[in-house]
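Worksheet for the structure shown next.
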Amino acid sequence: MSISANWQSTSSVSDLSSAEQEWLFEPNSLTAKLKSKSQIFSVKVLSEQLFTLSPEQQNLLSCATQTAINREVILLCDNVPMVYAQSWLPKSDASNPLHNIGERPLGDVIFQDPALKRTEIEIASFNFSHSIQQLVTLLNLPNRELLGRRSVFSLHEYQFLVCEVFLPGAYLYS
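With UniProt numbering applied, the sequence shown corresponds to residues 1 to 174, in that order.
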């Protein structure tokens, strides 16, 4: 599923509620924050497959490689879908600890390493005509304009892109 959007730096965004700012600009693990708000946290893996990076994605990742593993998941709190996430993990090494993590949250893996670095968080809104709304319909969630964030992480010279879209009913909207 494409989550191409008009991504903007945090400095160029205004008109966000304090709850939206709190969730969108969370510098630490979103997984940990979601876990703290729920009794049961789970990850549903939608797909994990080889993907050809777009020129924009290659530029964001500062990489020459064209192939990545695209991982699509839904993060659920108490069985309620909260976040749709995509990550692009350049396929540089089959033994990379971020590949084939199954239903383990990426956030649980990466935020344990003190070497983790993150670029500035960019945010975007997804209107009613965006393709992400098809997922909202499939999940039987109410339609609404959605907010998302993305950033590039680096871990021991390995860069990867993570995009997270907050689904209807997510704590961000309350």
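Every residue, glycine too, gets a C-beta built ideally from N, C-alpha and C. Being a predicted model, the structure only gives us computed values, none of them experimental.
Check your understanding: Which of helix, strand or coil does DSSP assign to residue 67?
Key -> Here residue 67 refers to the residue found at position 67 when the sequence shown is read from its first residue. In this structure, residue 67 counts as strand in the three-state DSSP scheme.
**Study point:** Residue from 57, 137, 77, 146 whose Cα sits closest to the Cα of residue 33
**Key:** Residue 33 sits at position 33 when you count from the first residue of the sequence shown. Closest option to residue 33, Cα to Cα, is 77.
Practice item. Indicate whether the contact test is met: 3 or more Cβ pairs, each with one atom in the stretch 126 to 144 and one in the stretch 18 to 36, closer than 8 Å. Key: no
Point to revise | Simplified DSSP assignment, three categories, for residue 33 | key: Residue numbering aside, residue 33 sits at position 33 when the sequence shown is read from its first letter. Residue 33 falls in the helix class under three-state DSSP.
Point to revise | Cβ contact check for the stretch 114 to 131 and the stretch 35 to 53: 3 or more pairs under 8 Å | key: no
Practice item. Pull up the distance between the alpha-carbon of residue 10 and that of residue 125, whole angstroms please. Key: Within the sequence shown, numbered from 1, the residue matching residue 10 stands at position 10. Within the sequence shown, numbered from 1, the residue matching residue 125 stands at position 125. For residue 10 and residue 125, the distance between alpha carbons rounds to 13 Å.
Review point. Are the CB atoms of residue 190 and residue 110 nearer to each other than 8 Å?
Key: Residue 190 lies beyond the range of the chain shown here (1 to 174); nothing can be said about it.
Check your understanding: How long is the line joining the alpha carbons of residue 75 and residue 66, rounded to whole angstroms?
Key -> Walking along the sequence shown from the start, residue 75 turns up at place 75. Walking along the sequence shown from the start, residue 66 turns up at place 66. Going from the Cα of residue 75 to the Cα of residue 66 covers about 27 Å.
Review point. Can you tell me the Cα-Cα spacing of residue 80 and residue 91, whole angstroms?
Key: As a position in the sequence shown, residue 80 is number 80, starting the count at 1. As a position in the sequence shown, residue 91 is number 91, starting the count at 1. Going from the Cα of residue 80 to the Cα of residue 91 covers about 32 Å.
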